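There are 4 protein chains.
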Amino acid sequence: MIAVSGALPKALAELNACSHDEFVAALANIFEHSPWIAEQAARSRPFAGIAELFAAMKAAVDRAPAELRMALINAHPDLASKTQRAAGLTAESNAEQNSVGLDRLSDAEYEAFERVNTAYRSKFNFPYIVCVRRHSKDSILRDFARRLPNDLATETQTSIDEICRIAALRLDQSVIGGDRLAVSGRLSTHVLDTNSGKPAAGVAIELVELAELGVSRVVARTTTNADGRTDAPLIGGRPVPIGRYELTFGVGEYFAARGVPLADPPFLDRITLRFAVSEPEGHLHVPLLVTPWSYATYRGS
Amino acid sequence: MIAVSGALPKALAELNACSHDEFVAALANIFEHSPWIAEQAARSRPFAGIAELFAAMKAAVDRAPAELRMALINAHPDLASKTQRAAGLTAESNAEQNSVGLDRLSDAEYEAFERVNTAYRSKFNFPYIVCVRRHSKDSILRDFARRLPNDLATETQTSIDEICRIAALRLDQSVIGGDRLAVSGRLSTHVLDTNSGKPAAGVAIELVELAELGVSRVVARTTTNADGRTDAPLIGGRPVPIGRYELTFGVGEYFAARGVPLADPPFLDRITLRFAVSEPEGHLHVPLLVTPWSYATYRGS
Amino acid sequence: MIAVSGALPKALAELNACSHDEFVAALANIFEHSPWIAEQAARSRPFAGIAELFAAMKAAVDRAPAELRMALINAHPDLASKTQRAAGLTAESNAEQNSVGLDRLSDAEYEAFERVNTAYRSKFNFPYIVCVRRHSKDSILRDFARRLPNDLATETQTSIDEICRIAALRLDQSVIGGDRLAVSGRLSTHVLDTNSGKPAAGVAIELVELAELGVSRVVARTTTNADGRTDAPLIGGRPVPIGRYELTFGVGEYFAARGVPLADPPFLDRITLRFAVSEPEGHLHVPLLVTPWSYATYRGS
Amino acid sequence: MIAVSGALPKALAELNACSHDEFVAALANIFEHSPWIAEQAARSRPFAGIAELFAAMKAAVDRAPAELRMALINAHPDLASKTQRAAGLTAESNAEQNSVGLDRLSDAEYEAFERVNTAYRSKFNFPYIVCVRRHSKDSILRDFARRLPNDLATETQTSIDEICRIAALRLDQSVIGGDRLAVSGRLSTHVLDTNSGKPAAGVAIELVELAELGVSRVVARTTTNADGRTDAPLIGGRPVPIGRYELTFGVGEYFAARGVPLADPPFLDRITLRFAVSEPEGHLHVPLLVTPWSYATYRGS
């Protein structure tokens, strides 16, 4: 569970039962600095589930006049802007930007993001908005490159779509009770020792999110259990960020510990699988079938 | 063919027929600064093949008194010593040390080699000798760590053995005609596209020798031919240095060029296989079987 | 759920609450023709679970005097005996023998079983007993060949062990409520299309139990679902009989239906995997990774 | 080398130098009962190679008037006709038909071929001709089903094409010296033990040509050598007949002999790969990568 802000998640039943003002206060920042959306949604209470609540908020955005929609867009901060970070973001924006590492950019990355923001803002006159929890730093920069050639109407709608994705993730983390929104994905692995025909237990695993310009980040570090799997998914309960990854398996140590005869140095030691994620809400399974002399992987499900 | 020195390879027939002095001059540095070995071998002419010639030289070493064998050991330079390089090595030693990158060490590597040499020389009172063409920088440092605890008798014999390996490689490169000594290995690959059931042609391949302390070196950069193989082995006609390697295949570009539907970004783009070489004179085949969603490799032959 | 006999499964609560005679009547044939075991177990009522009930029955067997244990052994019918089948077996024995196909033997098989029974009975003077639900016809014949050289004491104990296995399976099917005994295994598969990187849906699958002497039997015939799996395990809710199997996948039709270019005739059409089961209570997963030009399988879990 | 008939292969040089009559006598039956083709080709002597000789014979066919071409077609026997076999075929026709097993048909197959011949002859008024060395019995029956709906012009040309294929194979076997015609294919395998990372030596291999209606035929029975390959290709020096095959590998015995721990019975014992051949002149490599718990195969080259 991602702690979106300091506030505890609210129960849906409570939101259905509380006063109008309490409801608005609780959901004021689901859409950045835009409590009017919560206000309109409040009138449709009670909600049978979180999906219904989200639909009511999205409907408020969809039927808002163009000026109000543009105000919603402009209520968002620039990505990775040091000035704006210093001046203060909402707790939600801050947590989101940190989740993708925008608070720990290399100089080259920082400059790349500055270029993105400036180029985008000077063309469209509003900030570049993307649901950062669905992305790695690299894929944000690629997304920007794809969107910059668009016309104003397309980018206005794309911005609203991304804002709704941000809101759906915030809502999913802020309200509990009943259903969940389909905003999370899962990345998992397992290791099968085809030398012994058994799941490989005790294999050290490391998942790194690769970055072209900056420092790659270790996302997960774990060890396979008796079933050759990891106790928790490598990434779960949140979108799997679009991006490139490297998954490393310490098979040399594993086979050595089992007394399997190996070459010196062992033919296979730390096996790395490099792959990309393109569907943040999908279930991606990347297993390893391994002997001391061979291995295979595939996109499973 | 490795150019060991400026001299052209001699034909065995010529060596059999020339004067004693010419014979000795031609083979004076097969054993470093030790023409007495060529002198003794000269008396056994003619030789039916290079293996017989090498056996005669090795016999001269084996029957030499202990002092002469120790002088042979002491005729060798320290590995990677800047002072000795400045003072001048034989052309053969220079080429050999350069082949493994000892002339382009990082500071950390340079210090590691200095430590090796000093520790070894202070214990045994002669230089640490290893046949560098059979090694990567990393494996030399590991070899040293394994040998340092040995006693004097063991290391004296090990040094002679390594000197004979060096000599065999020099001889194999210096003399032509008839047989070759079994001093070369081979590292090869091929790429099979199991999506189309055909060899994958036009796949960009890069082979890197990994270094723990210093800079990894690109050993080969090539492209697969119509048969999914490389026109020449990745390493051939010489020992395959003991060490760790990374082989990279540009499969994303390959499938994109063939119009195969891919995710965005593609699930597999640049596939890297990491493996170690432990038998420099062996034939190691590391193929890739690949679809856009899966791959496998194994140690073939 | 296997219908062991015509009787409906009893609830454990009911067995705990009913009269002594009703209890004994319900469980009289859990051990073949030996109601004295149910009678002794009845005194330990109530039972917290089925495992506890089984333990009480097994304890009655374990503490019985040798003569009574031998009577228990002799209460069992010969395997596949036409005479005894004509004379009438318990409903339980009949269902068990039919489950492994002992009512549909080829002439060669019938003769083989006759030889087994006669040889065994003339050596030990009691019938050969084996828990047939854990076996195929072939593995029963192999089990006999392994056991025939044993001495009397060993075979007496082995017979009691097999009788307890038979009883555990009968009890697991006859009583419901609370726990299950660990007497069932599972055989499953799934098909991954590594050409498209997705589960292969709609692949026809057939599982055949192979027989050396007689007719092989189709055990399951099904089609993969959207997840590339079968809706139910190929074998589940019962032991997976020890034996050899052939699993066939109609991949030619699958790829043709998807419009994938194939050779004529297709390189791969009906893929068969042959494997053996050795642990009837284990979970055995035998997947297929397939393109039109390659496939792989492994023992998974 | 296939012995097409009792005659020894002739050297091309000899054919270039001998008398016109000797030349015609030597090549009279390259085209069935049609020495006029050899007669015409004789005038173009000398030939630089076998391909040039074949081109001259084919040119004679191509420029022949329609009646002569039809006579050539009608000079061929019906396939698998017992009456015609009794009356006597050319040695060449006899050897060819026997090679595909047409002299050892099951009753069901014999009836199927009778139906083919009768239906074909009644529609086209000439015998169904196919180059049988490129086919299995099953693929001949499929070829017939594909060709029967054709019109007369198409089938006349197809018959001539098949006659030329038959002639090319006869010529390739009858004349030696210089080039070979591209009429042969190759089917090969190798076994890699990915448990030990080495070629699997001593694995028993059997290749069976499958037949739907009749008895499947063992085509090759061999054992892998030290390189995990077979000393000779499974099929080589001739076309690889279009058809379906089963390749069986005795891996259970192989691993047991090496002392590898196995289940009882072993999970994998006799592995069978079923595949089809569609290109008789191609090189088809079907390897097996195997551990006691997994295996993979692919169409290699």
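Residue numbers (the UniProt record's numbering), protein chains in the order written: chain A, 1 to 301; chain B, 1 to 301; chain C, 1 to 301; chain D, 1 to 301. Even for Gly, the Cβ is constructed at its ideal location relative to N, Cα and C. If you're wondering where the values come from, they're calculated on a predicted model, not measured in any experiment.
Sequence-distant residues of the same chain with beta carbon closer than 8 Å to B:S184, five excluded per side: D172, G236, G237, R238, P239 and E281
Spatial distance of C:V61 from C:L79 (CA atoms): 22 Å
Whole-angstrom distance between C:P292 and C:K198, CA atom to CA atom: 14 Å
For A:G236, the residue or residues it bridges with in DSSP: A:R186
C-beta atoms of A:G178 and A:G88 nearer than 7 Å: no
Three-state class that DSSP yields for B:P81 in the structure shown: Per the sequence shown, residue 81 of chain B should be read as Ser rather than Pro. Reduced to three states, the DSSP call for B:S81 is coil.
Minimum Cβ-Cβ distance from B:N195 to chain C less than 7 Å: yes
Chain-ordered chain B contacts of D:S106 [CB-CB under 9 Å]: The premise fails here: D:S106 is roughly 33 Å from chain B at the closest Cβ pair, so nothing lies under 9 Å.
Cβ-based burial, A:A3 [other Cβ within 10 Å; buried from 16]: Note that A:A3 scores 37 on pLDDT, short of 50, meaning its location in the model is unreliable; the coordinates nonetheless yield the value given after this. With fewer than 16 Cβ atoms within 10 Å of its Cβ, A:A3 is classed as exposed.
CA-to-CA distance, C:Y120 to C:A11, given in whole angstroms: 39 Å
Min CB distance B:P265 to chain A below 7 Å: yes
C-beta atoms of A:S216 and A:L210 nearer than 7 Å: yes
Other residues of its chain near B:F113: CB distance less than 7 Å, five sequence neighbours each side excluded: L79, A80 and L105
C-beta contact flag for B:P287 and B:H190 at 7 Å: yes
Contact with chain A by C:P199, beta-carbon distance below 7 Å: yes
Within chain C, the residues that A:G202 reaches when beta carbons sit closer than 7 Å: The contacting residues do not exist; A:G202 stays about 16 Å from chain C at best.
Nearest residue (CA-CA) to C:G214, options C:S159, C:P77 and C:L102: C:L102
C:G250 in three-state terms, based on DSSP: strand
Reference B:R180; option with closest CA among B:E162, B:L169, B:R85 and B:L141: B:L169
Which of helix, strand or coil DSSP assigns to A:E206: strand
Residue environment, A:D297, which counts as buried when at least 16 other CB atoms sit within 10 Å: Correcting the residue type first, residue 297 of chain A is Thr in the shown sequence and not Asp. So A:T297 counts as buried.
Under 7 Å between C-beta atoms of A:S139 and A:I242: yes
Exposure of residue 367 of chain D, with buried meaning 16 or more beta-carbon neighbours within 10 Å: Outside the displayed span of chain D (1 to 301) sits residue 367 of chain D, for which this structure offers no information.
Strand pairing of C:R63, partner residues [DSSP]: Partner(s): none; C:R63 has no beta bridge.
Burial state of A:K137, where buried means 16 or more other Cβ atoms lie within 10 Å: buried
Members of the region 149 to 182 of chain C near chain B, C-beta cut-off 9 Å: none
Contact set for D:R221: own chain, Cβ-Cβ below 7 Å, skip 5 residues either direction: E206
Any C-beta of chain C under 7 Å from that of B:T291: yes
Contact list for B:D227 against chain D, beta-carbon separation under 9 Å: S301
Exposure of B:A226, with buried meaning 16 or more beta-carbon neighbours within 10 Å: exposed
Below-7 Å beta-carbon distance, C:Y298 vs any chain A residue: yes
Collapsed DSSP secondary structure at B:F275 in the structure displayed: strand
Whole-angstrom C-beta distance between B:E96 and B:F124, which should lie under 8 Å: So it is not a contact: roughly 21 Å between Cβ atoms.
Close beta carbons around B:A182, own chain, < 7 Å, minus the five adjacent residues each side: E281
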